Amino acid sequence: SARPSQDARPDRPAISVVAHRGASEDAPEHTLAAYRKAIEDGADALECDIRLTADGHLVCVHDRRVNRTSNGRGAVSALELADLATLDFGSWKEGIEDACGEAPDRQHEDPERTSVLTLERLLELVTDADRRVELAIETKHPTRWAGQVEERLVELLGRFGYAKPAMSTDWTSPVRVMSFSARSLHRLRAAAPGIPGVYLMQFLTPRYRDGRLPVGVGIAGPGMRIIRAHPEYVAKAHRAGHRVHVWTVNDAADVELCQELGVDAVITNRPKQVRRQLGLG
Ligand code: G3P
Ligand code: CA
Numbered sequence: 003s004a005r006p007s008q009d010a011r012p013d014r015p016a017i018s019v020v021a022h023r024g025a026s027e028d029a030p031e032h033t034l035a036a037y038r039k040a041i042e043d044g045a046d047a048l049e050c051d052i053r054l055t056a057d058g059h060l061v062c063v064h065d066r067r068v069n070r071t072s073n074g075r076g077a078v079s080a081l082e083l084a085d086l087a088t089l090d091f092g093s094w095k096e097g098i099e100d101a102c103g104e105a106p107d108r109q110h111e112d113p114e115r116t117s118v119l120t121l122e123r124l125l126e127l128v129t130d131a132d133r134r135v136e137l138a139i140e141t142k143h144p145t146r147w148a149g150q151v152e153e154r155l156v157e158l159l160g161r162f163g164y165a166k167p168a169m170s171t172d173w174t175s176p177v178r179v180m181s182f183s184a185r186s187l188h189r190l191r192a193a194a195p196g197i198p199g200v201y202l203m204q205f206l207t208p209r210y211r212d213g214r215l216p217v218g219v220g221i222a223g224p225g226m227r228i229i230r231a232h233p234e235y236v237a238k239a240h241r242a243g244h245r246v247h248v249w250t251v252n253d254a255a256d257v258e259l260c261q262e263l264g265v266d267a268v269i270t271n272r273p274k275q276v277r278r279q280l281g282l283g
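Going by UniProt numbering, the sequence shown opens with residue 3, and the numbers climb by one from there.
Dropping the structure here:
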């Protein structure tokens, strides 16, 4: 094969499998049900996107607006948590399943499948899990709210004991923060240096092509498109001393390529199937 293969590193830990928006192929994304399923499916970590509501709560919603994933309309930043709590964040998924010809199974009556999820509730889930489950939190940050998402995040992580200073103990944070914005990661690092940062990349810009990352960031988060086009990037990032977490890795061929290249984590909507393919479950 013309693909560069990973170094023989027998001590390399198994690839970490990260559930993207929860087990979001099976359950509505960003719901408690999707995250519970991901934990049941053996995911090592859970990925979530966070946004700030009009009244200052961090909620797990991907899009700027609630239109796609709920029966409501409008920007998350214009709605209060109480408004979001009246919406159904699960039935759109059953609608898709119906369209595929599958019988609805009344799962929409389960509040864990339909309620908006706060980051606080997700942190409780992770904290109460009976094994170590990591959480990869992505800051989605309209410029209007510059700094406030990170401020609230650090405050909340502090309440859970996850925002300790870097050098204080041999403790490793189960929480990491991801962003396409180097500035957001920088703000996080300034406020909570013990929390690892993941720099997400949609395209491989000349600045980072050689495996370097923004100052203080230790994990590269390239999209699968980068990995397919530039498989040599993984070895370059590793040589620069960084780990590589790839998104969104759903197809078997992509999982295989990531495994062959020795990436450190795959972020996927289907943790169960990916773990099975990797021989982990
Ligand atoms: O895990 C990173 C990935 O989630 C970034 O893309 O659009 O799914 O948030 P998006
Ligand atoms: Ca995300």
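In this text, a Cβ means the ideal position worked out from N, Cα and C, and glycines have one as well. Remember, predicted model here, so these are calculated numbers, not experimental data.
Quiz item: Does the beta-carbon of residue 15 have 16 or more other beta-carbons within 10 angstroms, so that it is buried, or is it exposed?
Solution: Counting from one through the sequence shown, the residue named residue 15 turns up at place 13. Result: exposed.
Quiz item: Is the region 80-89 close to the region 15-31, with three or more CB pairs under 8 Å?
Solution: Taking a cut-off of 8 Å for Cβ pairs, the region 80-89 and the region 15-31 do not touch, as fewer than three such pairs fall below it.
Self-check item: Which residues DSSP lists as bridging residue 291, in chain order
Solution: No answer is possible for residue 291: the residues shown for the chain start at 3 and end at 283.
Quiz item: Is residue 296 helix, strand or coil when you go by DSSP?
Solution: Only positions 3 to 283 of the chain appear in this structure, which leaves residue 296 out of reach.
Quiz item: Run through DSSP, which three-state label would residue 198 get?
Solution: Translated into the one-based positions of the sequence shown, residue 198 becomes position 196. Here residue 198 sits in coil by DSSP.
Quiz item: Does the region 203-223 come close enough to the region 160-167 to have 3 or more Cβ pairs within less than 8 Å?
Solution: Judged by Cβ distances under 8 Å, the region 203-223 makes no contact with the region 160-167, as fewer than three pairs qualify.
Exercise. Let me know the secondary structure DSSP gives residue 103 once reduced to three states.
Key: In the sequence shown, counting from the first residue as 1, residue 103 sits at position 101. For residue 103, the pLDDT reaches just 49, beneath the cut-off of 50, and the residue's location in the model is therefore unreliable, although a value from the coordinates is still provided. In this structure, residue 103 counts as coil in the three-state DSSP scheme.
Quiz prompt | Proximity winner among 256, 69 and 222, relative to residue 246 (alpha-carbon distances) | solution = Taking the first residue of the sequence shown as position 1, residue 246 is located at position 244. Looking at the Cα atoms, 222 is the closest of the given residues.
Exercise. Return the residue from the list 40, 218, 90 and 60 that minimises the CA-CA distance to residue 156.
Key: As a first step, residue 156 is located in the sequence shown; it is residue number 154 there, counting from the start. The option with the nearest alpha carbon to residue 156 is 60.
Practice problem: Please indicate yes or no: does the CB of residue 1 lie closer than 6 Å to some heavy atom of ligand 2? | Solution: The structure shown does not extend to residue 1, since the chain is modelled only from 3 to 283, so the question has no answer here.
Quiz item: Just to confirm, does residue 17 get its C-beta within under 6 Å of one of the non-hydrogen atoms of ligand 1?
Solution: As a working note, residue 17 is residue 15 in the sequence shown. Outside the cutoff, so no.
Self-check item: When 91, 252, 159 and 153 are compared against residue 186, the one with the closest alpha-carbon
Solution: Reading the sequence shown from its first residue, position 184 is the one you call residue 186. Of the candidates 91, 252, 159 and 153, 153 places its Cα closest to the Cα of residue 186.
Exercise. Tell me whether residue 48 sits in a helix, a strand or coil according to DSSP, three-state version.
Key: As a first step, residue 48 must be located in the sequence shown, where it is residue number 46. Residue 48: strand per DSSP, three-state reduction.
Quiz item: residue 221: beta carbon under 6 Å from a heavy atom of ligand 1?
Solution: Stepping through the sequence shown from its first residue, residue 221 is reached at position 219. Because no heavy atom of ligand 1 lies under 6 Å away, the Cβ of residue 221 does not count as near it: no.
Exercise. Using only alpha-carbon positions, find the residue among 51, 47 and 29 that is nearest to residue 181.
Key: Against the sequence shown, residue 181 aligns to sequence position 179. Closest option to residue 181, judged by alpha-carbon separation, among 51, 47 and 29: 51.
Quiz item: Around the Cβ of residue 69, are there at least 16 other Cβ atoms within 10 angstroms (buried) or fewer (exposed)?
Solution: Taking the sequence shown and counting its residues from 1, the one referred to as residue 69 is at position 67. It counts as exposed.
Practice problem: For residue 267, write down the residues that DSSP places opposite it in a beta bridge. | Solution: Within the sequence shown, numbered from 1, the residue matching residue 267 stands at position 265. Paired residues: 18 and 247.
Self-check item: Pairwise C-alpha distance: residue 224 and residue 203
Solution: Along the sequence shown, one-based indexing puts residue 203 at 201. Along the sequence shown, one-based indexing puts residue 224 at 222. CA-CA distance, residue 203 to residue 224, rounds to 5 Å.
Quiz item: Would residue 111 be called buried (16 or more neighbouring beta carbons within 10 Å of its own) or exposed?
Solution: Taking the sequence shown and counting its residues from 1, one reaches residue 111 at position 109. Answer is exposed; the Cβ neighbour count stays below 16.
Quiz item: Which term fits residue 129, buried or exposed, when burial requires 16 or more other beta carbons within 10 angstroms of its beta carbon?
Solution: Counting from 1 along the sequence shown, the entry for residue 129 is found at position 127. Around the Cβ of residue 129, a 10 Å sphere holds fewer than 16 other Cβ atoms; the residue is exposed.
Practice problem: Quick one: residues in its chain with C-beta nearer than 7 Å to the C-beta of residue 143, no 5 flanking neighbours on either side, listed in chain order? | Solution: Against the sequence shown, residue 143 aligns to sequence position 141. The residues are 151, 183 and 186.
Quiz item: For residue 229, is the beta carbon positioned less than 6 Å from some heavy atom of ligand 1?
Solution: Here residue 229 corresponds to residue number 227 of the sequence shown, with the count starting at 1. Answer for residue 229: no, Cβ out of range of ligand 1.
Practice problem: Name the one or two DSSP bridge partners that residue 181 has. | Solution: Taking the first residue of the sequence shown as position 1, residue 181 is located at position 179. Paired residues: 201.
Quiz item: What residue does the beta strand (DSSP E) around residue 137 start on, and which one ends it?
Solution: Along the sequence shown, read from residue 1 onward, the residue named residue 137 stands at position 135. Boundaries of the beta strand (DSSP E) harbouring residue 137: 136-141, taken from the DSSP string.
Self-check item: Alpha carbon of residue 261 to alpha carbon of residue 43, nearest angstrom
Solution: Within the sequence shown, residue 261 is the residue found at index 259, counting from 1. Within the sequence shown, residue 43 is the residue found at index 41, counting from 1. Between the alpha carbons of residue 261 and residue 43 lies a distance of about 19 Å.
Exercise. Please report how far the alpha carbon of residue 127 lies from the alpha carbon of residue 49, in whole angstroms.
Key: One-based indexing of the sequence shown puts residue 127 at position 125. One-based indexing of the sequence shown puts residue 49 at position 47. Going by the C-alpha atoms only, they are around 13 Å apart.
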